[in-house]
Structures are given as C-alpha cells and as structure tokens.
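Read in order, the letters of the sequence shown correspond to residues 466 to 552 in this note's numbering. The structure appears right after this line, and notes come after that.
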Amino acid sequence: MKRTRGMTWMRIREAQLKREPLCRICYKDGRLVAATEVDHIVPLCKGGNDNRDNLQSLCCDCHKIKTREDKNMKPITGVDGYPAASG
C-alpha cells in the first residue's frame, strides 16, 4: 500500500492521537506516557493500511523499538527491559 502523505496523513495522525493520547505499549505496562507517534500495527510494507483499526499511538521510544522489530532488527532496550533512552 502506498503511504498517505501531506494534509490527509496529518488529519489521520491528529485524530488518532486525540483518540488515544497515551502510548499503548507503556499503558499496557502500567505506565502513563504521552503518545507522540502514530504507528501502523501491520506496516504498510507488509500489507497494512491507514485504517483506524491498524493504527496505534506510541511514544517515540516504543515506536523506535516497534519499527526495529518490524524490520527484524534487534530492539534497543535498557537493563530494565524498557526502551533505551533515545538520544
């Protein structure tokens, strides 16, 4: 599927972050962290789409880990098992 860009994606992104303002992964772990990224649960390159049910809100660190996993790369985590601080 082709990646949605421009104003259309900005509207989709804004609506998703409004619907789900906290990072889904952190929330499942009992942590309240603001989401700043919109992730495709099934990546576009693997047949995903921009439909609402294929989107999730994530914090920057969780999004980086998820993207690495999607690309079959080893995730970067700290000794506590949580995402390593970006920087």
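From the three backbone atoms N, C-alpha and C, an ideal C-beta is built for every residue, glycine too.
The beta strand (DSSP E) that contains Glu502, what's its start and end?
Along the sequence shown, one-based indexing puts residue 502 at 37. Per DSSP, Glu502 belongs to the beta strand (DSSP E) from 502-505.
Use the C-beta contact count for Lys531: other C-beta atoms within 10 angstroms, 16 or more gives buried, fewer gives exposed. Within the sequence shown, residue 531 is the residue found at index 66, counting from 1. Buried: at least 16 other Cβ atoms inside 10 Å.
Excluding five sequence neighbours on each side, which residues of the same chain lie with their C-beta closer than 7 Å to the C-beta of Gln481? Your numbering for residue 481 matches position 16 in the sequence shown. Hits under 7 Å: Val503, Leu520, Ser522.
Taking all protein chains shown into account, do 16 or more other C-beta atoms lie within 10 angstroms of the C-beta of Asn526, making it buried, or fewer, making it exposed? Position 61 of the sequence shown, counted from the start, is the residue given in the question as residue 526. The amino acid occupying residue 526 in the given sequence is Asp; Asn does not appear at that position. Classification for Asp526: buried.
Would DSSP call Leu523 helix, strand or coil? Numbered from 1 along the sequence shown, position 58 holds the residue referred to as residue 523. Three-state result, Leu523: strand.
Worksheet item: Is the beta carbon of Gly442 sitting closer than 8 Å to the one on Ile506?
Response: For the chain, the structure presents residues 466 to 552; residue 442 sits outside this window and is missing.
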